[in-house]
Each structure stands twice: as structure tokens, then as C-alpha cells.
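Chemist: Residue numbers (the working numbering), protein chains in the order written: chain A, 14 to 171; chain B, 600 to 800; chain C, 1479 to 1805; chain D, 2 to 373. Yeah, the Cβ is synthetic: ideal placement off N, Cα and C, and Gly gets one too. Remember, predicted model here, so these are calculated numbers, not experimental data.
#1: Looking at the strands, I want to know which residues DSSP matches up with residue 17 of chain D.
#2: Going by C-alpha to C-alpha distance, which of C:1614, C:1798, C:1533 sits closest to residue 1668 of chain C?
#3: Are residue 319 of chain D and residue 159 of chain D touching if we call contact CB-CB under 8 Å?
#4: Grab the span of the alpha helix (DSSP H) containing residue 1783 of chain C for me, first residue to last.
#5: Whether or not the region 677-692 of chain B and the region 620-639 of chain B are in contact is what I'm after, with contact meaning three or more pairs of Cβ atoms, one per stretch, closer than 8 Å; do they touch?
#6: By the 8 Å beta-carbon criterion, what residues does the region 1759-1782 of chain C contribute toward chain B?
#7: Under 8 Å: do the region 280-287 of chain D and the region 236-252 of chain D share three or more Cβ pairs, one atom per stretch?
#8: Could you tell me whether any Cβ in chain D is nearer than 8 Å to the Cβ of residue 663 of chain B?
#9: Does the beta carbon of residue 136 of chain D sit closer than 8 Å to a beta carbon anywhere in chain C?
#10: Secondary structure at residue 1683 of chain C, three-state DSSP: helix, strand or coil?
#11: Mind checking if residue 601 of chain B is an interface residue toward chain D, Cβ cutoff 8 Å exclusive?
#12: Could you spell out where the beta strand (DSSP E) holding residue 317 of chain D opens and where it closes?
#13: So, is residue 1539 of chain C buried or exposed, given that buried needs 16 or more other C-beta atoms within 10 angstroms?
#14: Could you tell me whether the Cβ of residue 1441 of chain C comes closer than 8 Å to any Cβ of chain B?
#15: Three-state secondary structure (DSSP) at residue 706 of chain B?
#16: For the region 102-112 of chain D against the region 196-210 of chain D, do three or more pairs of beta-carbon atoms, one drawn from each stretch, fall closer than 8 Å, so that the two count as touching?
#17: At the level of alpha carbons, what is the spacing between residue 234 of chain D and residue 341 of chain D?
#18: Output, in chain order, the set of chain D residues within a Cβ distance shorter than 8 Å of residue 127 of chain A.
#19: Let's test the definition: count the other Cβ atoms within 10 Å of the Cβ of residue 765 of chain B and tell me whether it reaches 16, buried, or not, exposed.
#20: Which two residues bound the contiguous alpha helix (DSSP H) that contains residue 1581 of chain C?
#21: Cβ of residue 89 of chain D within 8 Å of Cβ of residue 63 of chain D?
#22: Verify the CB distance criterion: does residue 1516 of chain C have a CB-CB separation below 8 Å to chain D?
#23: Count the other C-beta atoms from every protein chain shown that fall within 10 angstroms of the C-beta of residue 63 of chain A, then say buried if there are 16 or more, exposed otherwise.
#24: Determine, using beta carbons only, whether residue 1749 of chain C comes closer than 8 Å to chain D.
#25: Ordered along the chain, which non-local residues of its own chain (more than five positions away) have a Cβ less than 8 Å from that of residue 66 of chain A?
#26: Are there 16 or more other CB atoms within 10 angstroms of the CB of residue 1513 of chain C, so buried, or fewer, so exposed?
#27: Under 7 Å, CB to CB, which of the residues in the region 33-59 of chain D have a partner in chain C?
#28: Locate the alpha helix (DSSP H) running through residue 263 of chain D, then write down its first and last residues.
#29: Is residue 4 of chain D close to chain A, meaning its C-beta is less than 8 Å from at least one C-beta of that chain?
#30: Quickly, what does DSSP pair residue 736 of chain B with across the bridge? List them, please.
#31: Please name the residues in the region 1786-1798 of chain C whose beta-carbon is closer than 9 Å to at least one beta-carbon of chain D, in chain order.
#32: Given that residue 84 of chain D touches chain B, what residues does it touch there, using C-beta distances under 7 Å?
#33: Just checking, does the region 674-682 of chain B make contact with the region 621-633 of chain B on the three C-beta pairs under 8 Å criterion?
#34: List the endpoints of the continuous beta strand (DSSP E) containing residue 85 of chain A.
#35: Could you have a look at residue 165 of chain D and say whether DSSP puts it in helix, strand or coil?
#36: Between residue 140 of chain A and the rest of its own chain, which residues show a CB-CB distance below 7 Å, the 5 nearest in sequence each way excluded?
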């Protein structure tokens, strides 16, 4: 699990201090307090490392629980959050985050690794317009077929 | 081959057991509650649509028209209309409109209500083919025979009247003063305008 | 001339009997289903809901007949009629009592099987003519089911023919004695497997009448309503009535072949009342079974036929032949 | 035979199962390409009851989002209430009184039994047996009455609050619950006799719809689907929340991976839920049911929070991204059947139509929860 942890050396206090600020946090790995956040490990990576991260976590026997997209309008970015959990025994939850540019929201798909990501990514694409490159079926899913809007974007006006 | 016969025997046995059970149920009394002929006992906590509470002392509602229910409602189905009446403390509720078509019976309004002026009713027998039938005025529902007039406190009324008169007086004075003030600069301006117009023509 | 009047009287009587049965078997089924399920069943229309069939009939008849756009109009319209024809016709050959037979045929049994096959065909026609994929699947299923179950049913019937040496239904009843041990179901002197033979025949008649657990043609969990998905109003009503008519015929045939028809179990008062009693008991068993079991799959159904019913009926046939030859 | 001739022989047709179909329990639509009675490809199509709960979470205040929790999975609304309460309490660091937690567990477990009962009945009805549904409904009615007497509603509960529950339970509820459990216990062996042991049902369920543990993992399937595949994973045990660690119960696990295993997990879970309720009733402490200091206008700190509970159909988890205001910046709901049904496409390939519907029923989908 060390591969993607480029900024693993970053100590906890520093990371916490960073979080308090409004700037998007740097790539790296933070151990979060489970009782407060509900997760054990919080990993920020580049979009192109997403598949690699998924492969590593798959090798560890973890499950992809959900994929969340967040629209950070102020920072002109989309954040894609992957929630992984371990169903084999001892509880362990990992959050993998990647930020993409809001104007070119391209991020590789993890469908090839986790079949279950298919629907989650499709939904995220539909709601936020994040383009999952290589996804087999980016078609409308929950919304009607002729929907040409992204309802979960912060600048969406019904 | 023995497995073949064993399958048949266990299978037939399981089928017979099933028949036995349904037969037993057939012979017991049905549990149906014949609804239109009998009615269901409602629990006191049952959440029907909300209704205003009648204060047993005054016989009126307890609403203070603060609008907390309106603000807390997730679906915005409550409209509180109120007005100020002479001689009455606080605001007077004139209409409490509940749009029951969008109400989700969550109880936020009841919880938010400080004077406990609203509660859940026990009414469940609501059926209609018209949408308008579900837009209730709870005030009318509370007083179907006519909304009683709010109690007028004579002292307060007197005070208010005095206050009003004083305010009137003050306003009249102010007006007069303003008129005086206005009249003074206005006249020349008007004249000036006219003169300008004249000049232009 | 006398013969003509007799036939006319019988026709009238049969029509009344049939109408009453078709209407009230629905009531029996619903009432039974209700009580099996801790409910009461129909209750409000008339005393004990006895006028419910009338209300149902009125409702069905007052409905508009809608032909779906994709349907083959001619086939769609004729299927419900076609399914009723053999169902009604077959009553002619049934001996209700020793002398209460509308028409005695020498080949009554053969006629029964011949006309019963038409029912399967009309289900296929209805399924095909509806222009609905669910109906089509259901029609195909129903036909293969009918074919698969006719084999063990016929083989079992041949047993009886071998024992009695006749295809006349009245003659078959007459040869079964006046006591319960003389009925075909317990005639172990003719073949040891007779009770099992009865079971095979009973299961086959369940399948032939498209009843749960073998209602592949209807299959409401998978195929919506099977072959009558697209039918409404009286088209559906006819299918419904045909189901009950087939039920009556299937149970009558089982009664005649195995339970001694109009013979009395205790040797006294033989007559139509015994016949009706036995028949209605079997019908009740059908209702009981329907509201107890889940449905089999199509494969389970064919498995049952080919793996269990056909071997058993064949063994039974051989055994009967042996018994007749030896004793 | 040349491949061309083969492809000509192999005639497929499309069949739409749903959105109105008796077997789909609502408005799920499955587009099936059939090859005779065999399924070539089955693609679930969702969205017929999509209501955009996630956007509502962004528009409504934290308190106003409560009623939405009852309308996702209308069969186990209590667990959803529990998750939302837990999420905001985690964010706001509210400590819930113990009595409230016990009441939460009791009501949530009653709700779980209710959900499994309906799941059981509806499943058997899919398979053509009508009567067990009515028996299950009878039992379920008792639970609904019990829950109605405390929560005021029968289905879409909005009972939990941040820091506790809406109102306290009374003695009537406690005695009623005990009486119900006493009455319900002997019913389960009856169900097993009537339904589980039935030769026809066994023929339909055993070996049908195999879902391996690895497939569950890849698709994120949880709940009875995962436990029916031999994985001992239950949020109540693996990620304990509320007062579950203080209660003694077993997690039923079956290794057969087929529809029968999933069905049996649900049946056994009802027994375990009875055990939990009995223990919780015995341990029920006195005290308040609402935390003292809960601010009216909730403003959780910045950051994102995650909370997961075991709903009747699997892991329900929520992720809320808060920006410190009185509404969530992003509310993400992870519904269990969404993931459970997503494996249907892969698992149903080559199945018979009737087997596929038996398999779909064993996943026990609730459509409003999938579509959100």
C-alpha cells in the first residue's frame, strides 16, 4: 500500500493544519480518527493514480463501497471520493480522493478492477458530468434519457 | 437408485406437511378486520395531519404566530397568516393553511412549536378525488362553527389607542413640519422649472 | 322422438349444471383461498359473498373488448371460444349416475383424451394471437407441458382399459364394485401399484388443467398473466371459466377411473350424489394444493414427468399386463 | 456447422421485464435478451422512481432532511434513521443517552424482522406460493402496530432525532413487544415446515443464482447476499455502532452461495433479531431519551463524515461533506440493493428466465432505495 503514498512522510500535525486551511490539500496519506470521521485512512492522489490505487486495494481484498463526486465550485475542481472497506475481518476503511479540473473532468475508470464501480461511476457521470475515461457504458441511468444537465453541480439551476 | 426413491418419499412427505399446515390454518378463525364495518383502534401517538390545539381555559388556539413551524417544515407546506388587532397582545392568527398533499408527517413543526399549539390529529380516514380537499385551514377546522373573536384587553386597548393617538399626533406634527419644510424649497424650484420650460420654448 | 327430447332435457340440465359450477367454483376457490390464508374471502356481496360470481360476471361482461394492436385479430378472438368448446362438449360423455348419462359412447375415454388436447392448442392460439412475448412464451410452455403430461396420463388410462376391457366410461364404473376396496384405486389384485397409479393420474390432471403448482401457462410471477395477459372482459372470463370446466372434467375422470364413479363406498344408495361428492372432494384438493405450494419451474415440471411419472406408469402398465396374464 | 449458420439458428428476442411486472417489486425494469427460455443478457434499468434525495440533502437543513430517511428503503426505515442520526452525531460529537440507544436498537431490530418477513413473503409469492405471504403479513402487522404506537407512523418512520429519539417508549410497548416475540418464535419453524422444506421450493432455490464471495466483493454486495456467500460480515459486528457490542447475537452465515443460502440467512436473522430485542428489553436502562445540549441550528464542522449501519438488505452508509453551514455541501447515500442488484447482469448470464427471477427475488431489491 506504500506505492501511492508519495507524501507519506508528511506528519499528522502538518496534515491537520493543512486541512484547516481552505486550500486543497496536497497529495498524501493521512491517518484519520475513526470516531470522528468514520474512516481510518484518507488518501489524496492524482487522478491518473486512481486505477493503480484500486488495484493495490483490490490486492488487499478490499471492497469498493461507493464512489462520490463533489463539485468544488470555488476551486474549479471536481473531487472524486472512493470509499473502500475491508469485509474480510478487522474493520478498515480507506478513502481515496482525487481532484480533477472542472473544465476537463477526465478521470480513468476503475470498472476493470471493480465491476461494481460501473453503476457508481455512471451515476457520478450523470449527476456531475465527470467523465470516466474507458467506462463501457456512460449512458443515462437514473435520469431520463434526454437529460442534458448535471443536477448535482453547484451551478445547476433547475 | 435408493436415492431416487428417497427423494420421492422425502418430497411427498414435505408436500404432505405443507398441506397439513394450510389445513390447520383453514380450520382456525380468520383474523381479518372487516374494515368498513369495524374500525381500527388508533393509537394516541398516531400521526395524522397536524391540527391546532384548543386551550381548555380560553377555548382558543395557542398559536403565537412565530412562524417556526413554517420555517422548519422540510416541504414548505405550512402557511401561517396573522395580523395585528387593536387591543390584543401579540399577533392574531387569521389562517393556518396546511397543504397536506406535500406534508410528510415528519413532526418538525410539532417539535419546533414552543407554545405547543399544534399536535398530530388522529384522523386517518381521509379520502377524496379532489386535490383541493387536502388544503386545510386548520383554524377553520378547530372552530367549525366560526372563529371566536380574540379577547380584547381594555387596558391594552386604551394604551394602544393612546399610543396610536400619540403616534398620530406625532405623525401629523411631523407631516405638518415636513410639509412646511417641503413647501418652502419646493415653490421656487417649481417656479424655476417653469421658467426653464419657458426659456426652452 | 323420445331420444330427442331426452337429449334436449339433458342439454338444458347440463347447461345449468355447468353454469352453476363455473360460477361457483370461482367463489369456492376464493373463499377457500381466504380461509387458507387467515382471511375471510368474499363476504360483502350477498350472504357469505354468494352473489359475488354474479357481480364478477356483470363486471366482466360490461367491459369493452380491446384487441391489442399487435394481435392477430382472428386468432385472438377465437381462442377463448375454442377453449370453451371441448370443455363443454366433454360433459356429454360423463356418467353422473348409472342411468344419468347424456350420451353413452363406446369410446368415451378416447373421446375425453382427444378433446382435452384441443384445450392445449387453444392456449397456444391465444398466446400466439395476442402478439405479446409473455403470452407467446406461456403458450409454448403450456403446449409442451400438455404433451409431456398426456403421455403418463394415457398410459395410466390404458391400465384401466386393460383391467376393464372397455373404453365405455359407464362400463368402467360398473365394473368397480359397490365397496371401497372394489374401486380401481385399491384393486391390488389387478396391479400392486394401483394407488401410485392413481397418484400419477391425479398429478397429471393437475398439470393438464394448468393448476398451481403446474400453471406454466399462467405463471403470474414471471409471465405477468401468461397466455391471457392481453385478454380483458369476457375474453378473460371465458379462459377463467374454461379452467374451471377443465377442473370439473379432470376430477370427474379421476373419479370415474379410480374412485368408482357413482358407486357407493359402503354398498348402499349408489347414485349421482356419490359421484358429485367424490368429484367435489377432488376439486377441493385441487384448491387446497393451489394455495399451499409454490410453482415449479418449467424444467422441474418436465423432470417430474420424464423422471418419475412416465417410468412409474410404464412399470405399472407392465405389472398390470403381467397380473392379467398370470392370474 | 459454419458460424454463419449457427448465428442464424440462434434467434434471440428482447423482453422487457418491468417497469410494471409482478416480479420486480416496484418499478425496476430489466431489459433481457432471451435465447428461447435462456437469458443472453439482462440489463437492469433504474431511475423510474428517482427523486434526487442527494440534492435534497444539499438544499435542506440537517433537521429538514429527516423525513427523507424514511422514504429510501421504506421497509427498513429505522436503520436509515439510525445511520443519519449516527452520522450527524459523529460530526457534532453529540453523546446519546443510553436509553435512547437501546430504544433505537429495539425499534431497528423490530423493523428488520418486519422487513425480512415481507421479503420472505414476497419472495415466495414470486415463486408462485401466495399463502406464506399472508401469514408473514399477519406477523408483520403486529410489528407495525407496535411501532405505530411509539413512532406514530406505520412505514415511513421519522422517529430518531439527533441526540436521541422523538419520544419515549411506554410499558405497553414493552409488554407488547415481549408478547409479540413469544408469539412469533414458534411461527418460524412453521414457515420452515411449510416453505423451506417443501420439495418444490428446494428444487427451485438450491443451486440457483450462484454468487461467489469474490463476486460480492467486486460488486460491493453486502448483507444477506454476502453472508449467503460464506463471508461473515455484518456492520453490527465488524463496525459496531450504537449498543450492539453489549448484546449477544450470532451472524448467520451460509456457504452455499445460492438463492437458498440467501433466503436462509434472512430467516435466521429474524431469530437473531428476536434475541437482540429480548436482551435489549432486559437491559433497558432508565433515563432521558434525548441528549441535553443539542443545538437547534446544527452546523457541523467542515470536513467529511462517514457512517455505516447494517440495514435489512446490507450496508447502508452515508457520506456527508460539510462546509460548516446549516446544510450539507454534499450528501451521498450508499444503498445496499444498488450494489446488490448491480451484480445481476453478470450473474444472470445463461440462466433460465424462471431461475433468473428467483435469483432476483433472493437479492430482495427495494426499488426506491436503489433509485434514491
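Modeler: Result, derived from the coordinates:
#1: Per DSSP, D:32.
#2: For the residues C:1614, C:1798, C:1533, the minimum Cα distance to residue 1668 of chain C belongs to C:1798.
#3: Taking a C-beta distance under 8 Å as the contact criterion, residue 319 of chain D and residue 159 of chain D do not qualify as a contact pair.
#4: It is not in any alpha helix (DSSP H) - residue 1783 of chain C carries neither H nor E in the DSSP assignment.
#5: no
#6: 1766, 1767, 1769, 1770, 1771
#7: yes
#8: no
#9: yes
#10: helix
#11: no
#12: 315-323
#13: exposed
#14: Limits of chain C in this structure are 1479 at one end and 1805 at the other, which puts residue 1441 of chain C out of reach.
#15: coil
#16: With a cut-off of 8 Å, the region 196-210 of chain D and the region 102-112 of chain D do not count as touching, because too few Cβ pairs lie within range.
#17: Their Cα atoms are separated by approximately 15 Å.
#18: 219, 220, 221
#19: It counts as exposed.
#20: That residue, residue 1581 of chain C, is in no alpha helix (DSSP H); it is neither H nor E in DSSP.
#21: A distance below 8 Å separates the beta carbons of residue 89 of chain D and residue 63 of chain D.
#22: yes
#23: The residue in question, residue 63 of chain A, is buried, as its Cβ has 16 or more Cβ neighbours within 10 Å.
#24: no
#25: 17, 56, 58, 95, 109
#26: buried
#27: Answer set for the region 33-59 of chain D: 38.
#28: 260-284
#29: Unreliable positioning characterises residue 4 of chain D in this predicted model, as indicated by a pLDDT of 48, which lies under 50. A coordinate reading is not provided.
#30: B:696
#31: none
#32: In chain order: nothing, as chain B lies at least about 17 Å away.
#33: no
#34: 75-85
#35: strand
#36: Excluding residues up to 5 positions away in sequence, 82, 163, 164, 165 lie with their Cβ nearer than 7 Å to the Cβ of residue 140 of chain A in the same chain.
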